[in-house]
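Visitor:
There are 2 protein chains.
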Amino acid sequence: MSYIRLGFTTDLFGDTKKSMTLQQAYKQPLYIQIKQLLLRRITEGEWQEREPLPSEWDLAAQLDVSQGTVRKALTELVAEGLLYREQGRGTFVAQVSSDWGDDPLLTPGLFKDLSDDLVYEFLGISRANASEDVAAALQLRRSAPLLRVRQLWRWQGVPVAVDDALLSAEQFDGLEASWLRGSAGVYATLLRRFGVRVRMQCQQFRAVMLPREESALLGVTGMVADVPALSVLRLSVAVDGQPVEWRHRYCLSHKFAITIVK
Amino acid sequence: MSYIRLGFTTDLFGDTKKSMTLQQAYKQPLYIQIKQLLLRRITEGEWQEREPLPSEWDLAAQLDVSQGTVRKALTELVAEGLLYREQGRGTFVAQVSSDWGDDPLLTPGLFKDLSDDLVYEFLGISRANASEDVAAALQLRRSAPLLRVRQLWRWQGVPVAVDDALLSAEQFDGLEASWLRGSAGVYATLLRRFGVRVRMQCQQFRAVMLPREESALLGVTGMVADVPALSVLRLSVAVDGQPVEWRHRYCLSHKFAITIVK
DNA sequence: AAGTGGTCTAGACCACCTA
DNA sequence: AGGTGGTCTAGACCACTTA
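Next up, the structure:
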């Protein structure tokens, strides 16, 4: 398999484009094509979470490329968190990350680790319309219909954060509250019910005073009504890069902090 | 060059260890050895910032390995931010990152970008002793002597953050205020004066009320004395992984937020 | 012993940059 | 045209896991 063959016969997706010139932006490195093909097969559910892919050599034979090329494609998918490898055992489909994300929590005692026994509580779904900012981030029209999934996070029984996940109501038409009630979270539900695998793209931090509504949810009342809160905005995208979820979270950070490694 | 040759003759550092058994943890993959060797030569200043390394083929010939192996080592150093590549031109030594870090700032308008015209102001050096937490993080003994470098950050002339960088007074004995005054920051100074190249290892965020001392420095006074601030703790390490700097920053985040991509 | 990921090589060719 | 990074192959061997 060579540049030439890709250039003016067909690529691995079967989109035949004969007699294309080599200058055409069409040509992608082989390993990128392999990567995208595997991405498709993963998102289409060909292999379940924690299930092994065929071996590098089998994939190489199947796709008629060398093992090194398959390996390079797999390495990128591992780096993106979609797969993981185990020496001597195989390459497996990764589980979708939790709604909290992969950031560890830490006690106020600065860099001491803390077992993340954070418990998730589903509060409800409501409807809303996209503000200008959210519409832009999710690539929707202004005031497009949204679903808002509200969650509460408890740490050792004590409420420590509230969450609003905003999703396109059109894209996720039919999402039911019952699906979320006993589930592992929004991301797990999107994968299971809609086949959409999501990953965090960026996160934004600022310090604010906890708004009244969130104060009530977090049980902050009475004398100490004015507390600072960590406001976290997060944009999550599907594997193809399409924005999927906008999330706004208020965290009480006197109990712990959010840590980003590297 | 093979596993065997590494195993019981000599490695690339010239540390001859004859007749070692292969089980000894001594053996590292070739590309890791190449990487560490290049790391040494970089930190020893063999090439300046923005200066090109020899080509992959030259290095391969020089080190008596294949181009692919050199390439793999370089790729990891690029991923760690020590080098960057330019197609058709070469592989270059990266500049040390600014004291602010590589995180972009953003306006309150949510994911709109902002030109980072953040200006740095050196306030002074003082001495302190390591608290238990800081001592543990920097791997020093409790109450070890520290240097504290204080900086102020302005955005469009307005103070938006204060910084304390804590460094081991023993390791950086002789650090002078004059070195910092006109410089590009602490990290640039550590590289230039001590040959220590530093990178951020982890960062921790929480929301707090701005303490009195920092309020004064940031010009928050009078009626609105109580403002929430983003508290950022950061641990930075040398290229060999040794912890070097503990930094504590207070940011006024009503003007902007800190964003982490990916 | 067989299978899987992980490393390494030598050689080839492509795409981009500089002169 | 010549140099540099970037891709690809075929074949070899190593290290770990499982049966």
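Protein sequences, first through last, are from chains A and B. Counting in our numbering, the first sequence runs from 1087 upward without gaps. Counting in our numbering, the second sequence runs from 1087 upward without gaps. C-beta: ideal position from N, C-alpha, C; glycine also.
In chain order, what residues of the same chain have a beta carbon less than 7 Å from the beta carbon of L1238 of chain A, not counting five sequence neighbours either side?
Guide: Within the first sequence, residue 1238 of chain A is the residue found at index 152, counting from 1. E1207, L1209, P1245, V1248, L1303.
Visitor: Roughly how many angstroms separate the alpha carbons of F1258 of chain B and V1325 of chain B, rounded to a whole number?
Guide: On the second sequence, position 172 is the one that residue 1258 of chain B refers to. On the second sequence, position 239 is the one that residue 1325 of chain B refers to. In a straight line, the C-alpha of F1258 of chain B is about 16 Å away from that of V1325 of chain B.
Visitor: From the DSSP secondary-structure annotation, give me the bridge partner or partners of I1211 of chain B.
Guide: Here residue 1211 of chain B refers to the residue found at position 125 of the second sequence. Answer by DSSP bridge pairing, in chain order: B:V1235.
Visitor: Tell me, please, whether the CB atom of P1297 of chain B is closer than 9 Å to any CB atom in chain A?
Guide: For this step, residue 1297 of chain B is matched to residue 211 along the second sequence. P1297 of chain B does not count as touching chain A.
Visitor: Is there contact between the region 1311-1320 of chain A and the region 1260-1270 of chain B, where contact requires at least three CB pairs shorter than 8 Å?
Guide: The region 1311-1320 of chain A, when compared against the region 1260-1270 of chain B, does not touch it at the 8 Å Cβ threshold.
Visitor: Which two residues bound the contiguous alpha helix (DSSP H) that contains S1183 of chain A?
Guide: By one-based count along the first sequence, residue 1183 of chain A stands at place 97. Here S1183 of chain A belongs to no alpha helix (DSSP H), and DSSP marks it neither H nor E.
Visitor: Can you tell me whether K1348 of chain B is buried or exposed? The criterion is at least 16 other CB atoms within 10 Å of its CB, across all chains shown.
Guide: As a first step, residue 1348 of chain B is located in the second sequence; it is residue number 262 there, counting from the start. That one is exposed.
Visitor: Among A:G1243, A:R1278, A:L1232, whose alpha-carbon lies nearest the alpha-carbon of L1204 of chain A?
Guide: As a position in the first sequence, residue 1204 of chain A is number 118, starting the count at 1. It is A:G1243 whose Cα lies nearest to the Cα of L1204 of chain A.
Visitor: Find the residues of chain A that neighbour I1346 of chain B, judging by a C-beta separation of less than 7 Å, and give them in chain order.
Guide: For the purposes of this step, residue 1346 of chain B is taken as residue 260 along the second sequence, with counting starting at 1. Result: C1288, Q1289, I1346.
Visitor: So L1169 of chain A is in the beta strand (DSSP E); what residue range does that whole segment cover?
Guide: Position 83 of the first sequence, counted from the start, is the residue given in the question as residue 1169 of chain A. Segment 1169-1172, the beta strand (DSSP E) holding L1169 of chain A.
Visitor: Go to D1219 of chain A, then tell me how far its alpha helix (DSSP H) extends in each direction, as first and last residue.
Guide: Position 133 of the first sequence holds residue 1219 of chain A. Unbroken alpha helix (DSSP H) run through D1219 of chain A: 1218-1224.
Visitor: Using a Cβ cut-off of 7 Å, pull out every chain A residue sitting near R1292 of chain B, in sequence order please.
Guide: Taking the first residue of the second sequence as position 1, residue 1292 of chain B is located at position 206. Ordered by position in chain A, the residues that pass the 7 Å Cβ test against R1292 of chain B are L1316, S1339, A1343.
Visitor: Under 9 Å, Cβ to Cβ, is there at least one residue of chain A near L1192 of chain B?
Guide: Translated into the one-based positions of the second sequence, residue 1192 of chain B becomes position 106. Yes, contact with chain A.
Visitor: Compare the C-alpha of T1161 of chain A against each of A:A1147, A:V1179, A:D1150 and name the closest.
Guide: For this step, residue 1161 of chain A is matched to residue 75 along the first sequence. Looking at the Cα atoms, A:V1179 is the closest of the given residues.
Visitor: List in chain order: all unbroken beta strand (DSSP E) runs of 3+ residues lying wholly within the region 1250-1325 of chain A.
Guide: Complete beta strand (DSSP E) runs here, min 3: 1284-1295, 1314-1324.
Visitor: Hey, how far is the Cα of Q1122 of chain A from the Cα of Q1287 of chain A?
Guide: Against the first sequence, residue 1122 of chain A aligns to sequence position 36. Against the first sequence, residue 1287 of chain A aligns to sequence position 201. Cα to Cα, the separation comes out at about 19 Å.
Visitor: From this set, A:A1230, A:A1293, A:R1228, which residue's C-alpha is nearest K1341 of chain B's C-alpha?
Guide: Residue numbering aside, residue 1341 of chain B sits at position 255 when the second sequence is read from its first letter. Nearest C-alpha to K1341 of chain B: A:A1293.
Visitor: Give a yes or no on whether 9 Å exceeds the smallest Cβ distance from L1319 of chain B to chain A.
Guide: Here the question's residue 1319 of chain B lines up with position 233 in the second sequence. Chain A contact via Cβ: present.
Visitor: Run the CB neighbour count on R1213 of chain A, radius 10 Å, all protein chains shown included, and call it buried at 16 or more, exposed below.
Guide: Numbered from 1 along the first sequence, position 127 holds the residue referred to as residue 1213 of chain A. With fewer than 16 other Cβ atoms within 10 Å, it is exposed.
Visitor: Please state if the CB of R1171 of chain B and the CB of D1164 of chain B are separated by a distance shorter than 9 Å.
Guide: Reading the second sequence from its first residue, position 78 is the one you call residue 1164 of chain B. Reading the second sequence from its first residue, position 85 is the one you call residue 1171 of chain B. The sequence given here has Val at residue 1164 of chain B, not Asp. In this structure, R1171 of chain B lies closer than 9 Å to V1164 of chain B by Cβ.
Visitor: Can you tell me whether Q1328 of chain A is buried or exposed? The criterion is at least 16 other CB atoms within 10 Å of its CB, across all chains shown.
Guide: Along the first sequence, one-based indexing puts residue 1328 of chain A at 242. Label assigned to Q1328 of chain A: exposed.
Visitor: Following the continuous beta strand (DSSP E) through W1332 of chain B, name the residue where it begins and the one where it ends.
Guide: Position 246 of the second sequence, counting from 1, holds the residue named residue 1332 of chain B. Unbroken beta strand (DSSP E) run through W1332 of chain B: 1329-1337.
Visitor: Whole angstroms are fine: how far does the CA of K1158 of chain A sit from the CA of T1155 of chain B?
Guide: Looking up residue 1155 of chain B in the second sequence gives position 69. Looking up residue 1158 of chain A in the first sequence gives position 72. Roughly 14 Å separates the two Cα atoms.
Visitor: Measuring CA to CA, which of B:R1234, B:D1185, B:W1143 is closest to V1284 of chain B?
Guide: Within the second sequence, residue 1284 of chain B is the residue found at index 198, counting from 1. Taking only the C-alpha atoms, the option nearest V1284 of chain B is B:D1185.
Visitor: Please report the residue range of the alpha helix (DSSP H) in which V1156 of chain B lies.
Guide: To locate residue 1156 of chain B, count along the second sequence from 1; it is residue 70. Where V1156 of chain B is concerned, the enclosing alpha helix (DSSP H) stretches over 1153-1165.
Visitor: Return the first residue and the last residue of the beta strand (DSSP E) that A1343 of chain B is part of.
Guide: For the purposes of this step, residue 1343 of chain B is taken as residue 257 along the second sequence, with counting starting at 1. From DSSP, the beta strand (DSSP E) with A1343 of chain B extends over 1343-1347.
Visitor: Starting from K1121 of chain B, trace the alpha helix (DSSP H) both ways and give me its first and last residue.
Guide: Here residue 1121 of chain B corresponds to residue number 35 of the second sequence, with the count starting at 1. Note, K1121 of chain B: alpha helix (DSSP H), 1116-1129.
Visitor: 9 Å is my cut-off, CB to CB: does D1150 of chain B come that close to chain A?
Guide: For the purposes of this step, residue 1150 of chain B is taken as the residue at position 64 of the second sequence. For D1150 of chain B, the answer is no, since every Cβ of chain A falls outside 9 Å of its Cβ.
Visitor: Is it the case that the CB of L1261 of chain B approaches a heavy atom of the ligand SAH more closely than 8 Å?
Guide: As for the ligand SAH, it is missing from this structure, which has no ligand bound.
Visitor: Could you compute how far the alpha carbon of S1229 of chain A sits from the alpha carbon of V1235 of chain A?
Guide: As a position in the first sequence, residue 1229 of chain A is number 143, starting the count at 1. As a position in the first sequence, residue 1235 of chain A is number 149, starting the count at 1. Near 17 Å, if we compare the C-alpha coordinates of V1235 of chain A and S1229 of chain A.
Visitor: Are the CB atoms of F1291 of chain A and I1211 of chain B nearer to each other than 9 Å?
Guide: Along the first sequence, read from residue 1 onward, the residue named residue 1291 of chain A stands at position 205. Along the second sequence, read from residue 1 onward, the residue named residue 1211 of chain B stands at position 125. Their beta carbons are not under 9 Å apart, which means F1291 of chain A does not touch I1211 of chain B by this criterion.
Visitor: Who pairs with V1244 of chain A in a beta bridge, going by DSSP?
Guide: On the first sequence, residue 1244 of chain A is found 158 positions in, with the first residue counted as 1. A:W1241, per the DSSP bridge assignment.
Visitor: Excluding five sequence neighbours on each side, which residues of the same chain lie with their C-beta closer than 6 Å to the C-beta of Q1181 of chain A?
Guide: For the purposes of this step, residue 1181 of chain A is taken as the residue at position 95 of the first sequence. Counting only Cβ-Cβ distances below 6 Å, and skipping sequence neighbours, we find E1135.
Visitor: Considering only residues of the same chain and omitting the five flanking positions on each side of L1226 of chain A, which have a CB-CB separation below 7 Å?
Guide: Position 140 of the first sequence, counting from 1, holds the residue named residue 1226 of chain A. A1216, S1254, listed in sequence order.
Visitor: State buried or exposed for I1344 of chain B, treating a residue as buried only when at least 16 other CB atoms are found within 10 Å of its CB.
Guide: In the second sequence, residue 1344 of chain B corresponds to position 258, counting from 1. With 16 or more other Cβ atoms within 10 Å, it is buried.
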